[in-house]
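In this note's numbering, the protein residues as written are 2 to 139. We put the CB at the ideal spot given by N, CA and C, even for glycine. What follows is one structure encoded as structure tokens, with my remarks underneath.
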């Protein structure tokens with residue numbers, strides 16, 4: 002049981018780091034016949050993702066130090082769900098641009114944030130589940 006909890010916490014930490022890395026990578030690419038314009042995450046919706054990643058890392062430290070980590074893991078899960086919402090809204094917005102002078106596409110950073118948010122939310126939920134099953138949750 003303790004090993005599963007450590008693995009889930011490690012996944013939450015890595016997902017938070019991936020959120021921060023994804024917020025710094027390209028989020029939107031606009032290809033025209035003359036050039037390519039790349040917009041990085043911090044110039045669009047990536048700023049909140051960087052903050053979410055930092056807060057998740059702080060929460061994970063609090064989870065590790067707390068004797069009852071259920072509340073912290075639920076908070077981390079909610080933050081990952083906010084990250085998922087922000088990144089999927091950005092992807093939907095980029096994909097809804099009509100084809101005109103060029104083609105818009107979602108960059109690798111936003112897709113990394115989507116994947117990290119999903120994995121982090123599942124890992125946070127598993128921390129909560131493991132704590133409830135072990136009976137140490139309040």
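Straight-line Cα distance separating residue j from residue i
i, j, result
"residue 24", "residue 106", "16 Å"
"residue 94", "residue 103", "15 Å"
"residue 116", "residue 34", "31 Å"
"residue 114", "residue 52", "12 Å"
"residue 83", "residue 126", "14 Å"
Residue i classed as buried or exposed, judged by whether at least 16 other C-beta atoms fall within 10 angstroms
i, result
"residue 81", "buried"
"residue 13", "buried"
"residue 42", "buried"
"residue 135", "exposed"
"residue 79", "exposed"
C-beta neighbour in chain D for residue i, strict 8 Å
i, result
"residue 52", "In summary, chain D is missing from the structure at hand, where a single protein chain is found."
Residue i and residue j closer than 8 Å at C-beta
i, j, result
"residue 77", "residue 61", "yes"
"residue 20", "residue 72", "no"
"residue 85", "residue 122", "yes"
"residue 17", "residue 58", "yes"
"residue 27", "residue 39", "yes"
Contact test: residue i Cβ vs the ligand SAH heavy atom, cutoff 7 Å
i, result
"residue 52", "Ligands are entirely absent from the displayed structure, and the ligand SAH is therefore not among its contents."
Exercise for the section: Assess, as a yes-or-no matter, whether the stretch 37-57 is touched by the stretch 106-125 under the definition of 3 or more beta carbon pairs within less than 8 Å. Expected result: yes
Exercise for the section: Would you check if the stretch 2-20 and the stretch 116-133 touch, i.e. whether three or more CB-CB distances between them fall below 8 Å? Expected result: Touching, per the Cβ criterion.
Practice task
Enumerate, from N- to C-terminal direction, the unbroken alpha helix (DSSP H) stretches of 4 or more residues contained entirely within the stretch 41-98.
Solution key: 47-66 and 71-96
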